[in-house]
Amino acid sequence: MGACGRTSLLELPDAGGGGSGGAASTTSADVSTSSNGGGGNGGAGGAPACGGPTDCDDGDACTSDACEEGGCVHRPRDDDGDGEGPAICGGGDCNDVNPSVRPGAPEICTDAADNDCNGVADCFDPACAAAETCGCAPSPAGERCDNGVDDDCDTIVDCFDVDCAGTPACGCSASELGKCGNGFDDDCDGAFDCDDLDCGSDALCGCAIQGERCDNGADDDCDLLVDCGDPDCRGVFPCACIPPGSPERCQDGVDNDCDGRVDCADPHCINAPACDVCVPEICDDGIDNNCDERVDCADTACTFAPRCAPTPEQCNNGLDDDRDALVDCQDPDCASNPRCVLQQANCLSPKLIPGTGTYTGDTTGHVSETRGACGGDAGEAVFYFVLTAPSRVHLDSVGSSFDSVLYVRTGICDSGREIACDDDSGGAAWSSLIDFTILYPGTYFVFLDGFTIDPASGANEGPFVLNVEIAPNPPEVCNDELDNDGDHYVDCADPGCATFGPCRRCARGADPGPEFGTAACSDGLDNDCDGAIDCADEDCSASDFYVTECCDGADENGNGIPDDFNCRCASDADCDGGQICYTHTSYSCGPPCDSFFGSICPFVAPGSHCNVTTHQCEF
49 MGACGRTSLL
59 ELPDAGGGGS
69 GGAASTTSAD
79 VSTSSNGGGG
89 NGGAGGAPAC
99 GGPTDCDDGD
109 ACTSDACEEG
119 GCVHRPRDDD
129 GDGEGPAICG
139 GGDCNDVNPS
149 VRPGAPEICT
159 DAADNDCNGV
169 ADCFDPACAA
179 AETCGCAPSP
189 AGERCDNGVD
199 DDCDTIVDCF
209 DVDCAGTPAC
219 GCSASELGKC
229 GNGFDDDCDG
239 AFDCDDLDCG
249 SDALCGCAIQ
259 GERCDNGADD
269 DCDLLVDCGD
279 PDCRGVFPCA
289 CIPPGSPERC
299 QDGVDNDCDG
309 RVDCADPHCI
319 NAPACDVCVP
329 EICDDGIDNN
339 CDERVDCADT
349 ACTFAPRCAP
359 TPEQCNNGLD
369 DDRDALVDCQ
379 DPDCASNPRC
389 VLQQANCLSP
399 KLIPGTGTYT
409 GDTTGHVSET
419 RGACGGDAGE
429 AVFYFVLTAP
439 SRVHLDSVGS
449 SFDSVLYVRT
459 GICDSGREIA
469 CDDDSGGAAW
479 SSLIDFTILY
489 PGTYFVFLDG
499 FTIDPASGAN
509 EGPFVLNVEI
519 APNPPEVCND
529 ELDNDGDHYV
539 DCADPGCATF
549 GPCRRCARGA
559 DPGPEFGTAA
569 CSDGLDNDCD
579 GAIDCADEDC
589 SASDFYVTEC
599 CDGADENGNG
609 IPDDFNCRCA
619 SDADCDGGQI
629 CYTHTSYSCG
639 PPCDSFFGSI
649 CPFVAPGSHC
659 NVTTHQCEF
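For the record, in the sequence shown the residue sitting at position 10 is 58 according to our numbering, with numbers rising by one throughout.
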């Protein structure tokens, strides 16, 4: 593959022995070969044209590029070999790195993938409504790279998965030399780019290993950013400031007014005599001529300079190569780059939590892109887990080296609904703790963040520990007013509690049951023995928005819709005819969301949207 990404590294069974993904079969007219391999070592005397798949990128996003028998081969792009090309190249494949996904493919209910490309997967696909089980269970061992199975449930198989980059099963180059800036472990020795001894003589690495000094007016680490304009200097004197600060003094080397700009880089100093040395930016001299802490092509004044034309994003050089204002791992172009996957610093490359365990890493140098309701101004590490059964979930950051914050979102990583946030409940060294008595099947994103950037000591960042315990299908506790087992029946309403002492025949001599549906909400009985009868029971007044309605079959507010999402439910069987149970959000009964004029979802579950396939509101 070309400029669109690095799938070419991971796609061919004969490019290093054993990768299971392969390009579609083609005729000789479909295949082009080259002897120099776009950077290989082709030459006279039978020398190989390429040493591995990363040598063969031809820059064309619609070709699959491979190194076969020492020569580069370029085929029409069908990365997973299922006969359907990707949408970007005119095909209809909605996931071209999984051979079980294409339009018309049968839906598999246990693999996390949208096999038939209808927009929903597994438990949310109507094709799985009658399935005995649905949802994918990740293997605790993670992705195997040679078995044709999506072991980690990320919908990407074998050598297509970035977890398999730099493994013998998916192809290795003989050396990292000449490829020291691509973010890959090309020679499969466990060392990336400038960390590899092969790159010791590379000019790029000579500069990259230098740290930025924050007070000398020079771009020490060659990222085209100077002193306080470089994220490396966040919270470091003289770039630190204690709000609200004081008026900027234009020649003391300090950010006096706490706006992140020092001296002549601060707009308040534009007319200061000390800044007379600032002149219009020259775009090819390596100097910050106009004193804005940005050098040459990093300066907006050089946007249209000929030498500053965009180039494909390189994911480890600290530069905005493609001029989209996103650098390295913050750029979606780098989402699958192994270096960015290892960093897991944002929602582009979250790390899978396959189950109970302890997960470690380091947030040093991460740039803050998200924040929780209880804090999180420093850089974060992002995880996700997928539940296929109701589960009790425990998360804590005990053992982390800094003041940490944990928060959890559901649905969409960067904009999903936050369902919990904690700063210091872990009880040790400013650690955080979150306990969910029950979480229902779905995808959840976990952020381990640094609480703040201290003006004196810098950012809360460093080595971290995330302790996770996931217990599927916990038993119901019959007297704690919680739905412990995730079946949406609480205490005496749960069938498992029918013989529990206080629940036995507690409904006026009858066995208890849920106070769900119009019949149970208008019979004058405390069916679930929680001390509240009919409309006084929150199960019969489930809506936070339509508070004047009750689950009694009547239209109290006169809007033409009886009950208005006030009937609690666990399934469609609990709802009156024509209504469905909104099992993806509120667990209340209502007409299908696509039967309304306008969007009903903000009134069912704020932040959700109507899915026209499931007819429910979803996050």
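Where a beta carbon is used, it is the ideal one built from N, C-alpha and C, also for glycine.
Alpha-carbon spacing of residue i relative to residue j, whole angstroms
i	j	result
D268	P650	50 angstroms
A177	S112	37 angstroms
C218	T411	29 angstroms
A222	F232	13 angstroms
E264	L390	Residue identity check: residue 264 is Asn in the sequence provided, not Glu. Between N264 and L390, the C-alpha separation is close to 32 angstroms.
Y432	R419	16 angstroms
Q392	G498	14 angstroms
S148	V197	10 angstroms
V538	A437	17 angstroms
V168	I501	40 angstroms
E597	S589	7 angstroms
V494	S591	28 angstroms
D344	G99	36 angstroms
D278	G107	31 angstroms
G283	A185	42 angstroms
D370	G119	29 angstroms
G229	G334	20 angstroms
Y492	R457	6 angstroms
D164	D144	12 angstroms
L454	D471	7 angstroms
E666	D128	30 angstroms
Residue i - partner residues in DSSP beta bridges
i	result
P134	D141
G259	Paired residues: none, contrary to the question.
F484	V441
V434	T491
V453	D497
N669	Here the chain covers residues 49 to 667 and nothing more, so residue 669 does not appear.
K227	Answer is none; K227 lacks a bridge partner.
G420	G423
H663	Bridge partners of H663: none, in fact.
T408	V513
D657	A small correction: the amino acid at residue 657 is His; Asp does not occupy that position in the sequence shown. DSSP, once it has assigned bridges, lists E666 as partnering H657.
R520	Correcting the residue identity first, residue 520 is Pro in this sequence and not Arg. DSSP output for P520 lists S439 as bridge partner(s).
L273	R342
S400	Looking at the sequence itself, residue 400 is Leu, so the reference to Ser does not match. BP columns for L400 point to Y432.
S448	According to DSSP, S448 bridges with nothing at all.
C629	C637
C469	Y455
G506	D502
Residue j beta carbon less than 8 angstroms from that of residue i
i	j	result
D170	G183	yes
G409	G427	no
P286	D303	yes
N575	A555	yes
L496	S449	no
D376	C363	yes
D672	C569	Coverage of the chain is limited to positions 49 through 667, which leaves residue 672 absent and any answer about it impossible.
D305	H316	yes
T661	P174	yes
E668	A421	In this structure the chain extends from 49 to 667, so residue 668 is not present and cannot be described.
C193	T215	yes
V327	N319	no
A406	V274	For the record, residue 406 in the displayed sequence is Thr; it is not Ala. Going by C-beta atoms, T406 is not nearer than 8 angstroms to V274.
Q664	C641	yes
L400	P489	no
D235	C220	yes
T404	V525	no
C270	C255	yes
Nearest-angstrom beta carbon gap, residue j and residue i [assumed within contact, 8 angstroms]
i	j	result
V210	S384	5 angstroms
L272	L367	6 angstroms
C276	V310	5 angstroms
V652	Y630	6 angstroms
Worksheet item: Should the segment 607-616 be regarded as contacting the segment 631-638, the criterion being three or more beta carbon pairs within less than 8 angstroms?
Response: Yes: at least three Cβ pairs fall under 8 angstroms.
Worksheet item: Within the chosen definition, does the segment 473-486 reach the segment 438-456 through at least 3 CB pairs nearer than 8 angstroms?
Response: They touch, by the three-pair rule.
Discussion item. Under 8 angstroms: do the segment 158-166 and the segment 189-203 share three or more Cβ pairs, one atom per stretch?
Written reply: yes
Worksheet item: Given 8 angstroms as the limit, is there contact between the segment 547-564 and the segment 575-595, that is, 3 or more CB pairs closer than that?
Response: Contact between the segment 547-564 and the segment 575-595 is present, because at least three Cβ pairs lie under 8 angstroms.
Worksheet item: Can at least three beta-carbon pairs, one atom from the segment 289-307 and one from the segment 510-522, be found at a separation below 8 angstroms?
Response: no
Worksheet item: Taking three-plus beta-carbon pairs below 8 angstroms as touching, is the segment 234-249 in contact with the segment 129-136?
Response: No: fewer than three Cβ pairs fall under 8 angstroms.
Fill in: At least 3 beta-carbon pairs within less than 8 angstroms: the segment 275-290 vs the segment 350-357
no
Worksheet entry | Stretch-stretch touch, CB-based, cutoff 8 angstroms, three pairs: the segment 474-481 with the segment 533-552 | no
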